[in-house]
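**Q**
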Amino acid sequence: TAVAVAGLTIYDMCKAVDRGMTMKAIRLIEKTGGKSGHYLKSK
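Numbering (the numbering used here), first residue to last: 6 to 48.
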């Protein structure tokens with residue numbers, strides 16, 4: 006969720022330059038810690 010919020014913040018700052026820009030393919034590649042432990046996206 007933090008990555009999506011950061012992306013929206015960047016979009017908000019850049020929309021003056023290009024209102025038609027899009028952001029897509031937000032994916033989790035690697036995660037450590039938490040209950041589920043380590044996660045690494047397979048290729």
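All C-beta atoms in this analysis are idealised placements derived from N, C-alpha and C, irrespective of residue type, glycine included. As the structure is a prediction and not an experimental result, all values here were calculated from the model.
For Lys46 and Ile34, which I take to be in contact (beta-carbon distance under 8 Å), what is that distance rounded to the nearest angstrom?
**A** Looking up residue 46 in the sequence shown gives position 41. Looking up residue 34 in the sequence shown gives position 29. About 5 Å separates the two Cβ atoms, so the contact holds.
**Q** Could you tell me which residues DSSP pairs with Lys36 in its beta bridges?
**A** Sequence index remark: in the sequence shown, residue 36 carries index 31 (1-based). BP columns for Lys36 point to Tyr44.
**Q** What's the C-alpha gap between Val22 and Ile15?
**A** For the purposes of this step, residue 22 is taken as the residue at position 17 of the sequence shown. For the purposes of this step, residue 15 is taken as the residue at position 10 of the sequence shown. Approximately 12 Å, taken between the alpha carbons.
**Q** So Thr14 is in the alpha helix (DSSP H); what residue range does that whole segment cover?
**A** As a position in the sequence shown, residue 14 is number 9, starting the count at 1. Residues 7-19.
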